[in-house]
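Residue numbers (the UniProt record's numbering): 1 to 69.
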């Protein structure tokens with residue numbers, strides 16, 4: 001999973017506030033994000049988007065990745 005690249009999908013399924021925050025950080029549908037680190041116990045996931053590392057909730061990551069992790 002580490003260094004795996006995911007294409008963002010399903011961003012419109014998030015609540016408006018989270019979606020706006022992700023847009024301001026450069027995360028949009030069809031953006032590529034690389035997993036840098038998973039924290040234990042479903043903690044935050046560190047992803048890299050456009051050479052910027054961002055921590056997002058595990059639940060949000062699962063939705064954006066569109067896969068059953």
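Glycine included, each C-beta is placed from N, C-alpha and C at the ideal position.
Pairwise C-beta distances place the stretch 16-23 out of contact with the stretch 36-47, as fewer than three of them are shorter than 8 Å. With a contact defined as Cβ atoms closer than 8 Å, residue 45 and residue 27 miss out at about 12 Å. In the DSSP assignment, residue 18 forms no beta bridge with any residue.
Here the alpha carbon of residue 66 sits roughly 9 Å from the alpha carbon of residue 6.
Between residue 54 and residue 29, the C-beta gap is not smaller than 8 Å, which leaves the two residues out of contact.
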